[in-house]
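Participant: I have a structure here, written as structure tokens, and I will follow up with some questions on it.
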Amino acid sequence: MRYVAILLAVVVLAAVPKFAQPYYVTLVLPAFGYSIALLGFNLLFGYTGLLSFGHALFVAVGAYGAAVLSSKLGVKSFELVLLISGAAAVVVAIPVALLSVRYVRIFFGILTLAFGMLFHSFLFKFYDLTGGDTGIRVLRPSLFSMDFKELDKTAFLIGPFYYYCLGLLVVLGLAMWRVVHSPFGLHLTAIRENSRKAEYLGVRVRFFRLIAFLISAFYCAIGGVILAINTGQADPELAYWTHSGELVFMTVLGGFANFFGPLVGAFTFIFLKSELMGATQYWRFFLGLTLLLIVVLFPRGLMGLALDLRSKVWRK
Amino acid sequence: MTALIETVGVGKSYGDFVALDDVSLSISEGELVSIVGPNGAGKTTLVNVLTGLLKPTAGVVRFKGEDIAGIGPVMLSQRGMARSFQLVHIFPAMTVAETIAVAVISRSGKSLDLFSPARSDATVRATVRDVAAIFGLDGKLDAESRLLSQGEKKLLDIASAFALSPEVILLDEPTSGVSSGDKHGIMRNVVDAAKRAGVKAIILVEHDMDLVAEYSSRIVALTAGKVLADRAPADFFGDPAIIAAVVGKWVGKSAKGA
Amino acid sequence: MTAFFDILIGGVFHAAVLFLVAAGLQLVFGVQKIVNLACGSFYALGAYFGITAVNWAIKVGVPPSMFLLVLLASGLVLGVIGPAIEALLRTVYDRDEAFQLLLTFALVLMFQDVLRFFWGANPQQLGNLAMEYGKVSVGEVQVPTYNVLVILASVVIAMGIGAFLQRTRIGRILRATAENREMSQAMGVNVRWIYASVFTLGTVLGTVGGALVVPTAAASLDMPVELVVEAFAVVVIGGLGSMRGALAGALVVGLMRAAAITFYAELEMLSIYLVVILVLIARPAGLFGKPIE
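Protein chains in written order, with numbering that gives the first Met the number 0: chain D, 0 to 315; chain W, 0 to 257; chain U, 0 to 292.
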């Protein structure tokens, strides 16, 4: 049943560029980016129980990685950009994680927020390196060494780049599915549920949290690369703490207790935000209100709601 | 017989407060040693020292000849000792099977496996089922831990410690919260299963003197941080002064053979 | 030498205002264990409303020398939103911390547009009103009297809170409830009322802080999100839940910022984040906080 739903979703997503207006198609791209980022984020949050308020840092690393590689170092290959930016995020994540996983709950949140803002400060102030508040341009990459020179920017984005990103989402999603259902994933859940007992069962709590952190950083960076190529620019606001807050928002909106929750959350958030922005200049208020309602009324998010509905229907 | 686990002159003080004072005991293969004493006597502190959670301020604590002062729970489980808890410790959202699997997998050293499907590994599932069966939980493998009764949660706690295939297992009030009718049944199960599984020694912390009398090969009584007595059950229950100090009143039921 | 005094007074002034916001955060965290991301929003609200209040006061003929009182009053008046928001927070008291954090984040988002709705997107300021109070000599330097008055007001408030918590019956009840809510309830304390009052007090400290700062700084829509980071820095350095920590942390942050702005502007916030990280690593409880798990 579940596999049918996934297959259907992939087919629908693949069909979108053929049937929908380019505007909507270009919205799906950031949804892909955030979906991948959130798959990683939720490994740390939903599965390991650590709430980071600074993960936008790694999204920014991905974006700036793509920017520096493409416009300053002339790297054209999308594959290389993805790998190097991802690796860079893991490298940056190592000291951050080492220092942060010693703590839990609110201290973990504040520490990660501090690291995120530290990076933001760095991006903002060191103009010569990072372009300051304007950021750095991101150039179009080549996909599997193909340039697609004949396509203009939009055509490239809603065409080959779209399908590539869809493919990335499927592949990375599958990988995360395996991770979450592996012995490692089981131990992460144990750590979340009762870290003391997990220790007594021989689980190296800090080490596993560290690994989860590194994986989440990698995924966030990949998401950041996609976001940056889509907008053509890497800017410091990507690392601001409110952007980290949005990552949490999206995850909870979709449902953090479910594997697919973050994906649902990413897509819903992007489209909701877009519609609200078109409807009123006070879209932040309504976005905030949505989060409020979710937290108070539907803490298990949209997937939680969907599963509740399904069990009610089945009972009849 | 060399001691499997021993403490030599162990003391633990917190500033002026002395929790343990010159505690020496040794436990050898094949023994089931009970630690008894009134509340506040230092049982918990001793347990924490024996399980590597607390570093003693004086003396040594050794497991299989190696110093284990403060090595922490992870290293302890790797060396072959496991414990269950007085206050129930479970993974609320995980099922019985998953809980036991955590122990089985970590014992097998395959924890860092990121890609194989944990739930469907046949060997793991078989082991999980076997361990659950010892404790009568094999009918509830897919039940969420938080939905179990208090007694069942207790059993799960012990079962998961068991699943580590430890050489020594420390049971901290394993039958508290279990109905009296079941207590003996459970102890019997645990002791028999332990023998079958190759557990070499059991340390038991208990308040229920009937159980202590029935199953211990030796009883260690603590009062105010000191060892009051360290004797076989017959000697122990034959001495009214000791009983009075430990339980507070004479216990009618005597040990087997007395 | 003048540079030194400038940094000192500027830093202490900034610290005085930061202290008010941080004290509000500490009270709410200490008693209710909630970290309020919207503290910056209250601060900004206080700032904007303070400007409106002063402008109105000038129009109705209130003498400019009174405007410090007008600002204080406007900050206090805003306290009415306290109970309303606390009622909202009540719905997530017993849930995971993540939800409480997220609820206050939702408030941040909503407040952004509330401020925008009432006051527009452009920064607002009170012109040179601070100069109405003239200058005063501190050492060899001329300092705006207004800054000194605010520092004094802050000190008075700090001492007032300290006395309130340590010496009054209600203060003791507050501290007891912070330690152990169930026991407090069992002893007949109306915990609901306590929570509502504490939150309102925290809110008022934030709004007053914002109101007091406007003669010297502009009110802008960036305030809510920028202040949160500084306030958190103060609370971490000083220790979560401690009033003395709020004071110490505020002084550290205020003085560091003033020094950084004078000597090496690039490092302004960077230095503060580094200190936060260092403190969290070396002494997670902060200068005065209680050690955590």
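Each residue gets a CB set at the ideal place from its N, CA and C atoms; glycine is no exception. Predicted, not measured: the structure shown is a model, and the values here were computed from it.
In the DSSP assignment, find the alpha helix (DSSP H) that holds Lys311 (chain D) and state where it starts and stops.
Facilitator: Start at 1 with the first residue of the first sequence, and residue 311 (chain D) comes out as number 312. Where Lys311 (chain D) is concerned, the enclosing alpha helix (DSSP H) stretches over 300-314.
Participant: Between the stretch 50-61 of chain D and the stretch 230-239 of chain D, do three or more beta carbon pairs fall short of 8 Å?
Facilitator: yes
Participant: Using a C-beta to C-beta distance shorter than 7 Å, which residues of chain D count as neighbours of Asp112 (chain U)?
Facilitator: Along the third sequence, one-based indexing puts residue 112 (chain U) at 113. Those within 7 Å of Asp112 (chain U) in chain D are Tyr281, Arg283, Phe284.
Participant: So, with DSSP's three-state summary, where would you put Val179 (chain D)?
Facilitator: Taking the first residue of the first sequence as position 1, residue 179 (chain D) is located at position 180. Helix.
Participant: Looking at the unbroken alpha helix (DSSP H) that takes in Ala36 (chain D), where does it start and where does it end?
Facilitator: Reading the first sequence from its first residue, position 37 is the one you call residue 36 (chain D). Run containing Ala36 (chain D): 21-41, per the alpha helix (DSSP H) assignment.
Participant: Could you check whether Tyr47 (chain U) and Leu114 (chain U) sit closer than 8 Å to each other, using their CB atoms as the reference points?
Facilitator: The count along the third sequence starts at 1 and reaches residue 114 (chain U) at position 115. The count along the third sequence starts at 1 and reaches residue 47 (chain U) at position 48. Going by C-beta atoms, Leu114 (chain U) is nearer than 8 Å to Tyr47 (chain U).
Participant: The alpha helix (DSSP H) spanning Met255 (chain U) covers which residue range?
Facilitator: Numbered from 1 along the third sequence, position 256 holds the residue referred to as residue 255 (chain U). 242-262 is the extent of the alpha helix (DSSP H) around Met255 (chain U).
Participant: So, is Arg208 (chain D) buried or exposed, given that buried needs 16 or more other C-beta atoms within 10 angstroms?
Facilitator: Your numbering for residue 208 (chain D) matches position 209 in the first sequence. Result: buried.
Participant: Quick one: grab the DSSP three-state call for Val226 (chain W).
Facilitator: Your numbering for residue 226 (chain W) matches position 227 in the second sequence. Three-state DSSP puts Val226 (chain W) in a strand.
Participant: Would you mind stating whether Val32 (chain W) and Ser215 (chain W) have Cβ atoms separated by less than 8 Å?
Facilitator: Counting from 1 along the second sequence, the entry for residue 32 (chain W) is found at position 33. Counting from 1 along the second sequence, the entry for residue 215 (chain W) is found at position 216. Against a cut-off of 8 Å, the Cβ pair of Ser215 (chain W) and Val32 (chain W) comes out as a contact.
Participant: Which bits of chain D does Ile310 (chain W) rub up against, with CB to CB less than 9 Å?
Facilitator: There is simply no residue 310 (chain W) to check, as chain W begins at 0 and stops at 257 in what is shown.
Participant: Please list, in chain order, the chain D residues whose beta carbon lies closer than 7 Å to that of Tyr272 (chain U).
Facilitator: Locating residue 272 (chain U) in the third sequence gives position 273, where the first residue counts as 1. Those are Ala113, Met116, Leu117, Ser120, listed as they occur along chain D.
Participant: Can we count Leu156 (chain D) as close to the ligand FAD, meaning its CB is less than 7 Å from some heavy atom?
Facilitator: Within the structure as shown, the ligand FAD is missing, as the structure has no ligands at all.
Participant: Does Val251 (chain U) come within less than 8 Å of chain D when only Cβ atoms are used?
Facilitator: Within the third sequence, the letter at position 252 stands for residue 251 (chain U). No, Val251 (chain U) does not count as interfacial toward chain D.
Participant: Whole angstroms is fine: what's the gap from Thr241 (chain D)'s alpha carbon to Val198 (chain W)'s?
Facilitator: Your numbering for residue 241 (chain D) matches position 242 in the first sequence. Your numbering for residue 198 (chain W) matches position 199 in the second sequence. Cα-Cα distance, rounded: 54 Å.
Participant: Answer with yes or no whether the minimum CB distance from Ala131 (chain W) to chain D is below 8 Å.
Facilitator: Numbered from its first residue, the second sequence carries residue 131 (chain W) at position 132. So, not an interface residue.
Participant: What residue does the alpha helix (DSSP H) around Phe259 (chain D) start on, and which one ends it?
Facilitator: Here residue 259 (chain D) corresponds to residue number 260 of the first sequence, with the count starting at 1. Careful: Phe259 (chain D) lies outside any alpha helix (DSSP H) and carries neither H nor E.
Participant: Look up Ser27 (chain W) in the DSSP assignment and give the residues it is bridged to.
Facilitator: Translated into positions along the second sequence, residue 27 (chain W) becomes position 28. Ser27 (chain W) is bridged to W:Ala2.
Participant: Which of the three DSSP states is assigned to Lys134 (chain U) in this structure?
Facilitator: The sequence position of residue 134 (chain U) within the third sequence is 135, counting from 1. Here Lys134 (chain U) sits in strand by DSSP.
Participant: List in chain order: all unbroken alpha helix (DSSP H) runs of 4+ residues lying wholly within the stretch 158-242 of chain U.
Facilitator: 168-178, 180-185, 190-212, 222-237
Participant: Spell out whether any CB of chain U is found under 8 Å from the CB atom of Tyr46 (chain D).
Facilitator: If you number the first sequence from 1, residue 46 (chain D) lands on position 47. It does not: the Cβ of Tyr46 (chain D) has no partner Cβ on chain U nearer than 8 Å.
Participant: Please return the same chain residues whose Cβ sits closer than 8 Å to the Cβ of Val127 (chain W), not counting the five positions on each side in sequence.
Facilitator: Taking the second sequence and counting its residues from 1, the one referred to as residue 127 (chain W) is at position 128. Hits under 8 Å: Ala96, Ile99, Ala100, Val103, Leu140, Ala162.
Participant: So is Asn121 (chain U) buried or exposed if we call it buried at 16+ other beta carbons inside 10 Å?
Facilitator: Taking the third sequence and counting its residues from 1, one reaches residue 121 (chain U) at position 122. The residue is exposed, with fewer than 16 neighbouring Cβ atoms inside 10 Å.
Participant: With DSSP run on the structure shown, which of helix, strand or coil describes Glu96 (chain U)?
Facilitator: If you number the third sequence from 1, residue 96 (chain U) lands on position 97. Residue state, collapsed to three classes: helix.
Participant: How should Pro182 (chain D) be labelled, buried or exposed, when 16 other C-beta atoms within 10 angstroms of its C-beta is the threshold for buried?
Facilitator: Along the first sequence, read from residue 1 onward, the residue named residue 182 (chain D) stands at position 183. Residue environment: Pro182 (chain D) is assigned as buried (16 or more neighbouring CB atoms within 10 Å of its CB, all protein chains considered).
Participant: Decide if the stretch 8-28 of chain D is in contact with the stretch 192-199 of chain D; the criterion is three or more beta carbon pairs, one per stretch, under 8 Å apart.
Facilitator: no
Participant: Under a CB-based cut-off of 8 Å, is Thr250 (chain D) close to chain W?
Facilitator: Walking along the first sequence from the start, residue 250 (chain D) turns up at place 251. False, the Cβ-Cβ gap to chain W never drops below 8 Å.
Participant: Going along the stretch 96-108 of chain U in order, which residues come within less than 8 Å of chain D, judged by CB to CB distance?
Facilitator: Glu96, Ala97, Phe98, Leu100, Leu101, Leu102, Phe104, Ala105, Leu106, Val107, Leu108
Participant: Asp234 (chain W) to Ile280 (chain U), Cα distance in whole Å?
Facilitator: As a working note, residue 234 (chain W) is residue 235 in the second sequence. As a working note, residue 280 (chain U) is residue 281 in the third sequence. Their backbone Cα atoms lie some 54 Å apart in a straight line.
Participant: Taking only beta carbons into account, state which residues of the stretch 226-241 of chain U come closer than 7 Å to chain D, listed in chain order.
Facilitator: Val228, Phe231, Val235
Participant: Leu269 (chain U) versus chain D: which residues are under 8 Å apart at the beta carbon?
Facilitator: For the purposes of this step, residue 269 (chain U) is taken as the residue at position 270 of the third sequence. Result: Leu117, Ser120, Phe121, Lys124.
Participant: Alpha carbon to alpha carbon, how far is Ala257 (chain W) from Phe236 (chain W)?
Facilitator: Here residue 257 (chain W) is taken as the residue at index 258 of the second sequence, counted from 1. Here residue 236 (chain W) is taken as the residue at index 237 of the second sequence, counted from 1. With a pLDDT of 38 at Ala257 (chain W), under the threshold of 50, the predicted position of this residue should be treated as unreliable, though the coordinate-derived value follows. Taking the straight line joining both Cα atoms gives about 8 Å.
Participant: Looking only at C-alpha atoms, which of W:Gly71, W:Leu75, W:Glu213, W:Gln149 sits nearest to Pro91 (chain W)?
Facilitator: Reading the second sequence from its first residue, position 92 is the one you call residue 91 (chain W). The residue with the shortest Cα to Cα distance from Pro91 (chain W) is W:Gln149.
Participant: Just list the residues that DSSP pairs Glu143 (chain W) with in beta bridges.
Facilitator: By 1-based counting over the second sequence, the position of residue 143 (chain W) is 144. DSSP lists W:Thr94 as partners of Glu143 (chain W).
Participant: I'd like the list of long-range same chain contacts for Leu128 (chain U), defined as Cβ closer than 8 Å, with 5 residues on each side in sequence excluded.
Facilitator: Counted from its first residue, the third sequence places residue 128 (chain U) at position 129. Same-chain partners within the cutoff: Val53, Pro63, Phe66, Pro214.
Participant: Quick one: which chain U residues come within Cβ less than 9 Å of Gly287 (chain D)?
Facilitator: Walking along the first sequence from the start, residue 287 (chain D) turns up at place 288. In chain order: Phe104, Ala105, Leu106, Val107, Leu108, Met109, Phe110, Gln111, Asp112.
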